[in-house]
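Quick notes on the structure that follows.
Number of protein chains: 2
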Amino acid sequence: MEKVLLGDCLKLLKKFENNSIDLIYLDPPFFTNKVQKLKTRDGSKEFSYKDIWKSNEEYAEFLYYRFIELKRVLKDTGNIFVHCDKNSTHIVKTLLDDVFGLEQFQSEIIWYYKRWSNSRKGLLPSHQTIYFYSKTKDFKFKTLYNNYSETTNVDQILQKRIRNNNGKTVYARDENGNTINSDIKKGVPLNDVWEIPYLNPKAKERVGYPTQKPILLLERIIEIASNEGDIVLDPFCGSGTTLVAGKLKKRKVIGMDISEDAIKLTNSRLDNPIKSESNLLQKGKDAYNNVDSQVEKFLHDIEYVPVQRNSGIDAILKETYQNSPILVRIQKEHETIEEAIKQLSKAVKVKRSKKSFLIRINDIKLLFELDTVDHTIEIINSTSYGFKEILNNANT
Amino acid sequence: MEKVLLGDCLKLLKKFENNSIDLIYLDPPFFTNKVQKLKTRDGSKEFSYKDIWKSNEEYAEFLYYRFIELKRVLKDTGNIFVHCDKNSTHIVKTLLDDVFGLEQFQSEIIWYYKRWSNSRKGLLPSHQTIYFYSKTKDFKFKTLYNNYSETTNVDQILQKRIRNNNGKTVYARDENGNTINSDIKKGVPLNDVWEIPYLNPKAKERVGYPTQKPILLLERIIEIASNEGDIVLDPFCGSGTTLVAGKLKKRKVIGMDISEDAIKLTNSRLDNPIKSESNLLQKGKDAYNNVDSQVEKFLHDIEYVPVQRNSGIDAILKETYQNSPILVRIQKEHETIEEAIKQLSKAVKVKRSKKSFLIRINDIKLLFELDTVDHTIEIINSTSYGFKEILNNANT
DNA sequence: TACACCTCTGAATCTTCCA
DNA sequence: CTGGAAGATTCAGAGGTGT
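Protein chains in written order, with the working numbering: chain A, 822 to 1217; chain B, 822 to 1217.
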């Protein structure tokens, strides 16, 4: 389900029922018409918050009433993420503490990115702040894990530890003095500083909307704070990144914006076959992992030419076989081996290849025996397929 | 010059002259006992700041008067850094905007560190905030530089760039069309997210004071925001880290604290400044990073924990086998299979693994038959080894 | 309900071991 | 003896438990 609504979210929200939304993300526009310097202060004057806050009042009020509505429509298990302009973090935090309550404050997330330098005197601003509040203590949360630090040793991951008589932590040992294995630990729980590359100005993902966020950022928020099928709302949806990310993660999405252009843009991004968005996303992710493509994972120490625009093959080796090209196909994720072979066979015929390779990545069962296959096609297990095969056999 | 004064900084500061301090760092104590619960709001009530701020008012007032005094004693070229408790950032920012002015706001510095984890539901808090304000536009600042990111094009560092007639940035070229080398650039200007290790439980630097900061953090602040011989003030000096860092950086230092213990501790640290000669800090993370980026290539769709500090294994699978860990080693480039097995075997014994994997990446010949090998070790071909094997056989 | 105490954890160190 | 690798230890912070 996807809804993109035109209008001020304050009005639009009135029509929504209480407790109907699972997750809210918003990046409200920041405005400040009067940055008036308040009276000069000499310390003798009576201290007053009211005066201090005057300059931000208008913006705060704008946000306040919307936060109230957002809290109303949020489910009791729901979460809200507010992306702040760097000049508004303190205002946002203050209001959220008031509307949602300090007890529901979960995290101040720092989105950290490397950026081109400028010649400004001072430190290069390289982060933005996102506040994470829940509606109640009973909020949805899925823990993701990071890798351990380089300095952490294996023993801590593998060995059980207890406290001795003096209350000190030591490795547990059995009656023979041997250490005891613990359950394998999954890694370190995700922390609140997220290094995610800023959308590169040239990235195709960019659609020309001013404050567009990387999909990776939104995906992570959606993943930790909601489940599949949940309803995700972005009341200031802009170019619709939140909705695209939500759709990719199989959530129901609702967007609102007062700009007609934004609505159009969002709709067109949502309408576009998810696949193309997915591809762009995949590229973004691969760049993030510093890996060029899937092909590179398998053929990293073999010389090859990647093939982009052919549905049958993914690469051609630079080496030849009896003066014919050596073709390579990687089995796709939801593809059976026979489908893969069919695709590859076509290319084999057309290119008159005398030796070609299919890389098996999963064990979706074959419907016919392998030896009936065109003998020019060799099936090779991906390394991880090899693992899975052995482990499956071992466990049965 | 070192002065450590006992008492409330508000009173002590009165005796200081206007414009006499170059740099101020403070980490004011946060009062948590005064947090009172706010009334429930339903949106119908008239909006008012006063209500929102009531609970924090006392704390804000406490800070406010001290900020006023601190501004007074600060030189016109001076800077102030305020280290915030995670619950007080918004209050501090609000007050600083008022006292020093939004125009003097220079940076929100994020101190980011890795830390032990806990079982908390939610994201692991791993950062603290430091606000950096100057007194005037004409503030002292020394730019430090980081290394370029790995993805930066070397050309951009080495070649001179100009703008062409269309205003686009291009590489400058001499009359022969060759690019021109630019002056070597120093690196990327320091940004506002600082990854500095948390004071480790084992660090010698640690003196047991609750909120003790790493000296490296204070050194960096002192270095970017003041010159040798300048006067550095910490009005809540606690264990005296600021003064120790200042002394190490050849600044004149003044500390204040209301606790007699803190003063004693500070004095003793100044007499004998200890800075951790940390291995990590000296050699950097890379010194610990043994894992080939290769691991990701082979295990990309298997869940694993990379292992850095063990020469026998490169990863542990998150899956277990009969309650024992599943270890993985990738054959190294110039390593025979038997050497690899030897390395892995050691780890298998010590970790008492009942199933482990060796990924074969080359065909340096074995000197003995594989079946003599410890049967807990399974050898799996890397995908590209599979290719090579078949191609070699085909060609002979 | 309040709270004292116990448990679990991982980064970075210190210590020991071994080639 | 020496240097590096492996192993052991420390501490804080949050949750859980029991009185």
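A virtual CB, placed ideally from N, CA and C, is assigned to each residue, including glycine.
Against chain B, the CB of residue 947 of chain A has a partner CB under 8 Å away; the residue lies at that interface.
In the three-state scheme derived from DSSP, where H, G and I count as helix and E and B as strand, residue 1171 of chain A is classed as helix. Listed along the chain, the chain B residues whose CB falls inside 8 Å of the CB of residue 1014 of chain A are 931, 933, 947, 948 and 1014. Taking each of B:1069, B:1011, B:1082 and B:1072 in turn and checking the Cα distance to residue 1029 of chain B, the smallest one comes out for B:1082. Excluding its 5 nearest sequence neighbours in each direction, residue 1110 of chain B has C-beta neighbours in its own chain below 8 Å: 1129, listed in chain order. Contacts between residue 1002 of chain A and chain B, judged by CB atoms closer than 7 Å, involve 1144, 1145, 1146 and 1173 in chain order. Three or more beta-carbon pairs separated by less than 8 Å link the stretch 950-960 of chain B to the stretch 928-940 of chain B, which places the two stretches in contact. Using a Cβ-Cβ cut-off of 8 Å, residue 847 of chain A does not count as an interface residue toward chain B, since no Cβ of chain B sits closer than that to its own. A distance below 7 Å between beta-carbons, with the five flanking residues on each side excluded, links residue 1014 of chain A to the following residues of its chain, in chain order: 931 and 933. For residue 1094 of chain B, there are no C-beta contacts with chain A under 7 Å, since the nearest C-beta of that chain is about 25 Å from it.
Taking a beta-carbon distance threshold of 8 Å, residue 1120 of chain B counts as an interface residue toward chain A. By alpha-carbon distance to residue 957 of chain A, the top candidate from A:943, A:995, A:1045 and A:924 is A:924.
Of the candidates A:1205, A:884, A:1149 and A:1215, A:1149 places its Cα closest to the Cα of residue 1198 of chain A. If only uninterrupted beta strand (DSSP E) runs of at least 3 residues are considered, those enclosed by the stretch 968-1041 of chain A are 982-984, 990-992 and 1014-1016. In chain order, 897 and 898 place their CB closer than 8 Å to the CB of residue 959 of chain B, counting only its own chain and leaving out the 5 sequence neighbours on each side.
When the beta-carbon positions are compared, residue 885 of chain B and residue 916 of chain B come within less than 8 Å of each other. Ranked by Cα distance from residue 944 of chain A, the first of B:827, B:1151, B:894 and B:1009 is B:1009. Residue 1152 of chain A sits close to residue 1180 of chain A, with the two beta carbons spaced by under 8 Å. Annotated three-state conformation of residue 924 of chain B is helix, per DSSP.
Under the three-state reduction of DSSP output, residue 908 of chain B falls in the coil class, being neither helix nor strand. For the pair residue 1087 of chain B and residue 1067 of chain B, the CB atoms are not nearer than the 8 Å cut-off. Of the other Cβ atoms in all chains shown, 16 or more fall within 10 Å of the Cβ of residue 1077 of chain A; this residue is therefore buried. Neighbours of residue 1166 of chain B across chain A, judged by C-beta separation under 7 Å, do not exist; the nearest C-beta is about 16 Å away. Looking only at B:1023, B:1050, B:1058 and B:1016, the smallest Cα-Cα distance to residue 1032 of chain B is reached by B:1058. For a Cβ distance threshold of 9 Å, residue set 910, 911, 912, 913, 914, 915 and 918 of chain B lies close to residue 911 of chain A, ordered along the chain. At a cut-off of 8 Å between C-beta atoms, residue 927 of chain A counts as an interface residue with respect to chain B.
Chain-ordered, the chain B residues with CB closer than 7 Å to the CB of residue 969 of chain A read 1126. Closest option to residue 941 of chain A, judged by alpha-carbon separation, among B:1145, B:965 and B:1022: B:965. Distance from residue 824 of chain B to residue 1075 of chain B at the Cβ level is roughly 5 Å; contact confirmed, criterion being Cβ atoms closer than 8 Å.
Under the Cβ distance rule, residue 887 of chain B does not count among the residues neighbouring chain A, no pair being separated by less than 8 Å. Taking the Cα positions, residue 1018 of chain B is about 49 Å away from residue 1211 of chain B. With a threshold of 8 Å between beta carbons, residue 1152 of chain B makes no contact with chain A.
Scanning the stretch 1048-1103 of chain B for uninterrupted beta strand (DSSP E) segments of 3 residues or longer gives 1052-1055 and 1073-1078, listed from N- to C-terminal end.
Distance from the Cα of residue 892 of chain B is smallest, within the candidate group B:954, B:1045, B:1063 and B:1144, for B:954. The three-state reading of DSSP puts residue 1207 of chain B in helix, counting H, G and I together. In summary, residue 984 of chain A is exposed, with fewer than 16 beta-carbon neighbours lying within 10 Å of its beta-carbon over all protein chains present.
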